[in-house]
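Report on the structure given below.
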Amino acid sequence: MWCIYMYEVIVVGGGHAGCEASLATARKGHKTLLITGNINNIADMPCNPSIGGSAKGIVVREIDALGGEMGKNADKSLIQIKMLNSAKGPAVQALRAQADKIVYPKEMLKTLNSTDNLEIKEAMVEDLIVNNKIVEGVVLSTGEQIKSTVVILTTGTYLKADILVGDTRTRKGPHGEKPSNHLSDKLKDYGFNIIRLKTGTPQRIDKNSIDFSKAKIENGDSVYHTFSYDMKPQYKIEEQVPCHLIYTTEETKKIILDNLNKSSMYGGLKDIKGVGPRYCPSIEDKMVRFSDKEKHQLFLEPESIYYDDIYIQGFSTSMPYDIQEKMVHSLPGLENAKILKYAYAIEYDAIDSRQLKQSLESKVIKNLFTAGQINGTSGYEEAACQGLIAGINAGLKLENKEPLILKRNEAYIGVLIDDLVTKGIIDPYRLLTSRAEYRLLLRSDNADIRLTDYGYEVGLISDERYKRFNDKKSKISELIDILKNNKITPTTETNEYLTSIGTTPLKDGITLYDLLKRPEISFEHINNFFKIDFEESVKEQVDINIKYAGYIKKANIEASKMVDLDNKKIPDDIDYDKIHNLASEAKQKLKQIRPTSIGQAIRISGVNPADISLIMVYLKKEYLYDSK
Amino acid sequence: MNDTIAAISTALGVGAISIIRVSGNDSLQIVNRIFKGKDLTKVDSHTINYGYIYDGKELIDEVLVSVMLAPKTFTRENIVEINSHGGISTTNKILELLLVNGCRLAQPGEFTKRAFLNGRIDLIEAEGVMDLINSKTEKSRLLAINQVTGNTSNLIKNLRSELVSTLANIEVNIDYPEYEDIEEITVEMINKNISSIRNKILNILEESKNGKLIKEGIKTIIIGRPNVGKSSILNRLLDEEKAIVTDVAGTTRDIVEGNISVDGILLNIIDTAGIRKTDDIVESIGVKKSLSLIEDADLILYVVNNNELLNDEDLEILDKIKNKTSILIINKIDLESKIKIKNIENYNVVKMSALNSEDINVLKEMIKKIFNLEKIEQKDCTYLSSARSISLLRKALESLDQVEEGIKNKMPIDMVEIDLKNVWNLLGEITGENYSEELIDTLFSQFCLGK
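So the sequences go chain by chain: Y and E.
Every position in the first sequence, counted from 1, becomes a number in my numbering once 94 is added.
Every position in the second sequence, counted from 1, becomes a number in my numbering once 78 is added.
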């Protein structure tokens, strides 16, 4: 009865983290088993029907540049896409797409099924096989044991998941799926600190019951975009499906405030422990916290072109069903709306991410990696990128190689993981551009430039794609040379043209390079003087790098200071008790997190500059540390 | 690290007593060798002991000796402080005896460094303590205490909180672009915010000027017509008192040519646009520029040639410096005297020959006489006084300029915000809320001998 199979990697969970993790290890040539509770829920999107957004959209591109799947899969399944912040600067632009909830999982499953070295199994994992603090496999709810060298846990919200509606608590995962009841207890026994988190999702409404004439239409962009640097657009601009914008009404506010005590989170349930996401609050949270605000913005987003569900973004709640009916019907255009699925909150267990190394390997159990919501994050993109990194590093570990650790000035992924392992989380962690110190360096347009080399090194970028990437880089240099080597002179004709496009006429000759520095000059104008026959993506890189050169230089100088500090390693065996005068909070945090570098130590909240100075001095004294 | 160090801890020539501080494992034993009185190795910690310092059989001074045993001392090492009866020669003699008996002369800032290395104080405190020790007057002591207790930080913290709301608004606009109901921050709003912050920074800097004078030295210019010997005098001063630091960039908009310590009074010699190179300051930049330099300086050394008659420009400058802190240097007294100066009694006059090193001392004596530190008034004590803070504040101003520049050039908000955030970071560095690597180096380089 005991079937013992040997895999190199077992990935537990088939969500966005699990898909990336299993694809990464399998593609790296490691025999991988993906275990999921329900094969139909692979790459499921249980909440909003969109991929990307501010910062997140950049992460999707980073995943793509490293050889992950999310970008390509989103490109295959999107029904609307736009570039956010296009009116602002290049540093903060990001893609956001409506992804079809039927197509996205289907395409991902197709990819998983066609990947060598990857098997999928339907089962519930309830324990790990652990010997001497080293993981050796998993134990299923049936008692069956499956062995592997590495295990990656990507359990999402399924650890002791409770669905909360009004005054009811039901032990269920999203879609009423079976949760894992014992795994988090086992993890606790192994030494993990378990925390309880909460998130929520809004109602789904029957499209045919909404009067969209009362809403403002929100269309996709009229230029083509792809997340992946390796994909051609798979959609037609004119066939994009619109979203709609509405606002809550006075009546909505009244209903919510009158019934506040019925919400699970506001007294409906007495035993709430989970901490909800600050950046994605429920509608009752918004009403309470911003009580002076008349109305709140809501988006009506189509979930799929294959069925009629409309997702009300911004309206998540844990009110009982009868109140939800009233709330929905108070919205403009939704007076007669038919609710297909009610909103709910979900409470689940997660681990303390400070017990992780930067590689996402656990400090508690060797060869065990965790990624996604189990680490306390929220969002598909946050999950996927961790899955990818966990997969890459699990593979590298099997290959006896150093882990891939992205720095904060290299990728949002680096920012996210460093925040997790250094600062830990209180509420579900959402990536924001403001979490990055050097977001000008972490742009949507240059994710390939930043990360393709890493993707190639770890073996997830094909030779063919890598060659294309290098061609792009040489094209960029070539174009810069052209601009530097070609001058225009202040002829009457030239100056008339320059004046006509609203820029200062010339007094002396000027290179095209210097001309492009002017904010109001684009390649379109340059074309008037010199035919520029390069791809858009090449021109974009050149334009940004020339126009914002001063700022980029500044950002690089600042970033290099941080890198210097990150390169100042703190020895593993440092004894913080021996450092005199460390503030007690700092000492406690340092002992808990055990930062690997001075740079990381600085980012620990509660560790003050003075503490850092003391550590530096201690290192100089005790380890004859050379700070230069 | 574990050797015993000694240095004179009080400024030479100032005050009725001088303190020689000894720190290290052997400090008691070493002082015992030259001390007659109780056996210092047997006295209680933190006691003051009366006795005499002897060099062999020769009595040097009647002294009080404070004994402080580790770890409750400034350096966390055994410390002995000898209070002698002042006078450069006596104090020097005692130091010399200590060195002969096994101490090593402390390096600049070494006591504070040891205090810091042994975990006695943190860096922020170190900075304040340095000021406290450096303070030569009651008022500068108050200033230093304020620095330690945080009155100054509050000024900066207020500035930071003014910035926060603008920054937060920009961040929200960027991170939640879909939300139309969040106010979009405008260029006008940013401009308003930064001009208010700029004014406040300028105010703090203005108020900090006096504090700076005391702590950082006296801005000194040397002017005069070509070939009167300005360079020779400057070089003499620099050579005599080996420059402590050169080119402290950022501490002032001027380029500091060199710093000269005249018995505890720090002179920052300002390079008046290549004074050393061209030696023709009046000609090359004109009387007008000289006058503005005069306005700016804390001390003017005006050099004239004993061998020449004054011209109109000289007369104009003489008129200007009449009411300023200045010294009229009549150079080249080894040559025939042709110079005629009316109302010479209105000026502090030094007659000298730059070729004669004795004469340089006359000049120094005059500077000392003029700069009796009590003369420098301070209005109140809640301003920044360390070079580090002031320089950071200046950098913050520059960054504000760049914000404006960016707005003027129609740079997108995310670019403009880089500079705005930099202002916030720089202010944080002043209060110690941001860690900066340069901090340790900067601080240690400011520590002066024996403090």
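We put the beta carbon where it would ideally sit given N, CA and C, even for glycine.
Assigned exposure category for residue i - 16 Cβ within 10 Å defines buried
i: residue 500 of chain E; result: buried
i: residue 246 of chain E; result: exposed
i: residue 686 of chain Y; result: exposed
i: residue 717 of chain Y; result: exposed
i: residue 227 of chain E; result: Caution is warranted here: a pLDDT of 43 is assigned to residue 227 of chain E, below 50, making its placement in the model unreliable, and no coordinate value can be reported.
i: residue 253 of chain E; result: buried
i: residue 678 of chain Y; result: exposed
i: residue 358 of chain Y; result: buried
i: residue 148 of chain Y; result: buried
For residue i, the first and last residue of its enclosing beta strand (DSSP E)
i: residue 133 of chain E; result: 125–133
i: residue 409 of chain Y; result: No beta strand (DSSP E) holds residue 409 of chain Y; DSSP gives it neither H nor E.
i: residue 295 of chain Y; result: 288–295
i: residue 239 of chain Y; result: 239–247
i: residue 435 of chain Y; result: 433–435
i: residue 337 of chain Y; result: 337–341
i: residue 298 of chain Y; result: 298–300
i: residue 159 of chain E; result: 157–162
i: residue 383 of chain Y; result: Here residue 383 of chain Y belongs to no beta strand (DSSP E); instead the alpha helix (DSSP H) covers 377–383.
Rounded straight-line distance, which links the Cα of residue j to that of residue i
i: residue 471 of chain E; j: residue 555 of chain Y; result: 48 Å
i: residue 455 of chain Y; j: residue 698 of chain Y; result: 19 Å
i: residue 594 of chain Y; j: residue 239 of chain E; result: 44 Å
i: residue 260 of chain Y; j: residue 405 of chain Y; result: 20 Å
i: residue 369 of chain Y; j: residue 711 of chain Y; result: 39 Å
i: residue 183 of chain E; j: residue 103 of chain E; result: 15 Å
i: residue 343 of chain Y; j: residue 350 of chain Y; result: 11 Å
i: residue 427 of chain E; j: residue 438 of chain E; result: 13 Å
i: residue 682 of chain Y; j: residue 263 of chain Y; result: 36 Å
i: residue 639 of chain Y; j: residue 646 of chain Y; result: 8 Å
i: residue 408 of chain E; j: residue 105 of chain E; result: 50 Å
i: residue 570 of chain Y; j: residue 637 of chain Y; result: 10 Å
i: residue 411 of chain Y; j: residue 474 of chain Y; result: 20 Å
i: residue 326 of chain E; j: residue 276 of chain E; result: Confidence at residue 326 of chain E is low in this model, with a pLDDT of 32, below 50, so its placement is unreliable and the value that follows should be read with caution. Spanning the two alpha carbons is a distance of roughly 24 Å.
Cβ-based neighbour list, residue i, same chain, cut-off 7 Å, excluding 5 preceding and 5 following
i: residue 120 of chain Y; result: 126, 209, 210, 211, 212
i: residue 648 of chain Y; result: none
i: residue 533 of chain Y; result: 185, 186, 527
i: residue 411 of chain E; result: 384, 429, 430, 431
i: residue 297 of chain Y; result: 406, 409, 418, 422, 433, 435, 436, 437
i: residue 420 of chain Y; result: 349
Element boundaries [alpha helix (DSSP H), containing residue i]
i: residue 549 of chain Y; result: 541–551
i: residue 101 of chain E; result: First-last for residue 101 of chain E: 96–101, but that is the beta strand (DSSP E), not the alpha helix (DSSP H).
i: residue 199 of chain Y; result: 197–207
Contacting residues, own chain, Cβ-Cβ under 6 Å from residue i (five flanking each side not counted)
i: residue 247 of chain Y; result: 106, 464, 468
i: residue 252 of chain Y; result: 267, 273, 274
i: residue 168 of chain E; result: 139, 162
i: residue 171 of chain E; result: 138
i: residue 320 of chain Y; result: 169, 327
i: residue 433 of chain E; result: none
Any non-hydrogen atom of the ligand PLP within 7 Å of residue i CB
i: residue 231 of chain Y; result: With respect to the ligand PLP, the structure offers nothing, as it holds no ligand at all.
Neighbourhood of residue i by C-beta distance below 8 Å, restricted to the same chain and skipping five residues each side
i: residue 242 of chain E; result: 502
i: residue 316 of chain Y; result: 331
> In the stretch 184–203 of chain Y, which residues sit with their C-beta less than 7 Å from some C-beta in chain E, listed in chain order?
Replying inline: 185, 186
> When Cβ atoms are compared, which residues of the stretch 238–252 of chain E fall closer than 7 Å to chain Y?
Replying inline: 249, 252
> Which of the residues in the stretch 130–148 of chain Y, read from start to end, lie with their CB under 7 Å from any CB of chain E?
Replying inline: 148
> Of all the residues that make up the stretch 515–537 of chain Y, which are near chain E by a beta-carbon distance shorter than 8 Å?
Replying inline: 526, 527, 528, 533, 534
>> Residues of the stretch 140–151 of chain E in Cβ contact with chain Y at a cutoff of 7 Å, in chain order, please.
In response: none
> Of the residues that make up the stretch 103–129 of chain E, which ones have a beta carbon closer than 8 Å to any beta carbon in chain Y?
Replying inline: none
> If contact means a Cβ-Cβ distance below 7 Å, which residues of the stretch 491–503 of chain E contact chain Y?
Replying inline: 491, 492, 493, 496
>> Short of 7 Å Cβ to Cβ, which residues in the stretch 632–645 of chain Y face chain E?
In response: 642, 645
>> Beta carbons nearer than 9 Å to chain Y: which residues of the stretch 377–392 of chain E have them?
In response: none
> What are the residues of the stretch 461–483 of chain Y that lie near chain E, defined by any Cβ-Cβ distance shorter than 7 Å?
Replying inline: none
>> Please identify, using Cβ separations under 8 Å, the residues of the stretch 388–405 of chain Y that lie next to chain E, in order along the chain.
In response: 389, 390, 391, 393
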